[in-house]
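Working notes, structure below.
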Amino acid sequence: MELKFITLANNIREKNGFLSLDEIMELVAVNNIVYDCFSLLISKKAKIGKDNIFYPNVTICCDDNSELIVGDSNYFFSSTHFVAENGGKILIGNRNEFSDGGVCVKANMTDANIVFGDNGRYDGRINIFGKCMFEAGSQIIGNINVYNCCLKEGGDYTEKNPDERAGLLKGFGTVKSVIVNRGMVINGAGDFSKAPLEQQSKYHK
């Protein structure tokens with residue numbers, strides 16, 4: 007029964023372009039930490055670095071016409087979901103944290119290009135689409151839908167001077183087509199277009 011179950015699971019994965027359970031262990035887990043190979047889905051087309059940590063229920067999906075590259079030492083907590091389809095591109099650098107709030111990143115159109123630099127933190131129920139550039143140290147915190155935005159590089163969340171940290175989005179709602187420079191934050195409450203750009207130090211008195 008157990009062998010039949012594994013064979014069935016592998017057949018379904020193969021049919022849909024995902025690594026088999028054996029391939030997860032031989033190609034991914036050998037250089038990364040995989041807590042539950044049965045709930046981890048990684049497309050054969052995706053490129054995975056080393057020293058990443060994959061918690062249960064993570065999906066890394068990439069079709070044959072798209073690109074999805076994961077660097078090194080990233081944390082993918084439960085319920086994180088990455089999809090590159092229809093010519094889209096997702097590039098993930100090193101030492102980023104994608105929380106288990108339900109981070110969903112979709113580059114599912116021809117010109118969609120979503121880039122994460124290094125040392126970022128993405129914590130909450132976050133949906134990301136379109137053309138986005140999150141440079142080194144960037145943070146998104148809250149329940150936020152993000153379209154075509156850029157967060158400029160700076161220190162990560164451990165930087166002692168908040169005004170030297172990378173661009174930050176926080177709060178809840180939808181944000182479109184904004185650039186947040188080093189040391190700045192937009193704290194949205196529904197419609198981010200009505201929220202001002204502020205110094206991060208305002209929230210760290």
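Sequential numbering from 7 applies to the sequence shown in the numbering used here. Don't be surprised by glycine CBs; every beta carbon is placed ideally from N, CA and C.
6 Å CB neighbourhood of residue i in its chain, flanking five on each side removed
{"i": "V76", "result": "I54, G55 and I98"}
Length of the line joining the Cα atoms of residue i and residue j
{"i": "F82", "j": "C156", "result": "22 Å"}
{"i": "N22", "j": "I48", "result": "10 Å"}
{"i": "S199", "j": "N193", "result": "10 Å"}
{"i": "N37", "j": "N58", "result": "8 Å"}
{"i": "M7", "j": "L25", "result": "At M7, the pLDDT of 46 sits below 50, so the modelled position is not reliable; the number obtained from the coordinates is stated separately. Answer to the nearest angstrom: the Cα atoms are 22 Å apart."}
{"i": "T116", "j": "A90", "result": "10 Å"}
{"i": "G94", "j": "T164", "result": "32 Å"}
{"i": "D69", "j": "A52", "result": "8 Å"}
{"i": "E103", "j": "V186", "result": "20 Å"}
{"i": "F88", "j": "S183", "result": "21 Å"}
{"i": "F122", "j": "M31", "result": "26 Å"}
Nearest residue (CA-CA) to residue i, options the options
{"i": "K2", "options": "E170, I48, K95 and K21", "result": "The structure shown does not extend to residue 2, since the chain is modelled only from 7 through 211, so no value can be given for it."}
{"i": "G143", "options": "E159, V152, Y153 and F135", "result": "E159"}
{"i": "N112", "options": "N100, I96, S105 and N125", "result": "The amino acid occupying residue 112 in the given sequence is Lys; Asn does not appear at that position. For the residues N100, I96, S105 and N125, the minimum Cα distance to K112 belongs to I96."}
{"i": "D124", "options": "G130, Q145 and C110", "result": "Q145"}
{"i": "S85", "options": "I66, D57, G136 and I18", "result": "I66"}
{"i": "L74", "options": "N119, D129, N17 and F60", "result": "N119"}
{"i": "E218", "options": "N133, G161 and I132", "result": "Summary: the structure shown does not reach residue 218, with the chain confined to residues 7 through 211, and so no result is reported for it."}
Cβ pair residue i, residue j closer than 8 Å
{"i": "N92", "j": "S79", "result": "no"}
{"i": "Y153", "j": "F135", "result": "yes"}
{"i": "L27", "j": "A35", "result": "no"}
{"i": "V40", "j": "L46", "result": "yes"}
{"i": "G173", "j": "I150", "result": "no"}
Close beta carbons around residue i, own chain, < 7 Å, minus the five adjacent residues each side
{"i": "K176", "result": "I147, G148, V191 and N193"}
Contact set for residue i: own chain, Cβ-Cβ below 8 Å, skip 5 residues either direction
{"i": "D197", "result": "G179 and T180"}
{"i": "F44", "result": "A15 and L27"}
Open item on the list: I'd like the ranges of any beta strand (DSSP E) spanning at least 3 consecutive residues and lying wholly in the segment 38 to 81.
Closed with: 65 to 68 and 73 to 76
TODO: Pick out the complete beta strand (DSSP E) segments inside the segment 92 to 139, 3 residues or longer, and give them in chain order.
DONE: 95 to 98, 110 to 113, 119 to 122, 127 to 129 and 132 to 135
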